[in-house]
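For the sequence shown, this note's numbering assigns the number 95 to the last residue and increments by one with no breaks.
For glycine and all other residues, C-beta sits at the position ideal for the given N, C-alpha and C.
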Amino acid sequence: MTLDLLKQQINKVILQIGEQYRQNPKPILELILKRYRNALDVINNNEPDSLKQGQFNIIGGVRAYLDSSSDYNNPILEEMYKAEQLVKHLFPF
3 MTLDLLKQQI NKVILQIGEQ YRQNPKPILE LILKRYRNAL DVINNNEPDS LKQGQFNIIG
63 GVRAYLDSSS DYNNPILEEM YKAEQLVKHL FPF
């Protein structure tokens with residue numbers, strides 16, 4: 003797995019969460035969107051060898067979303083889960 007794959011996944015989540023936020027501007031969606039945009043900035047503004055899991059504040063986003071919504075079947079949750087797993091795989095503690 004590569005950093006490019008993580009960037010693609012993060013971009014996919016940003017697009018989907020952004021669309022949901024435009025339709026229903028909930029604060030939790032704004033927070034998740036901000037965290038994913040920050041994660042993309044971390045990748046784009048740092049050397050790959052210097053990246054650490056703690057720099058990516060997207061871990062736990064699925065849980066945060068579910069804590070605020072009962073939309074358990076929302077496909078965005080799977081995409082967020084994939085992004086979280088990529089971060090954990092690429093940058094283990």
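When the Cα atoms are used, Pro50 and Leu5 turn out to be separated by approximately 8 Å. Going by C-alpha positions, Asn48 is about 32 Å away from Ser70. Between the beta-carbon of Gln18 and that of Ile78 there is about 5 Å, and that keeps the pair under the 8 Å contact cut.
Burial check for Arg65: the Cβ neighbour count within 10 Å stays below 16, so the residue is exposed. Membership of Tyr74 in any alpha helix (DSSP H) is not indicated, and neither H nor E is assigned to it by DSSP.
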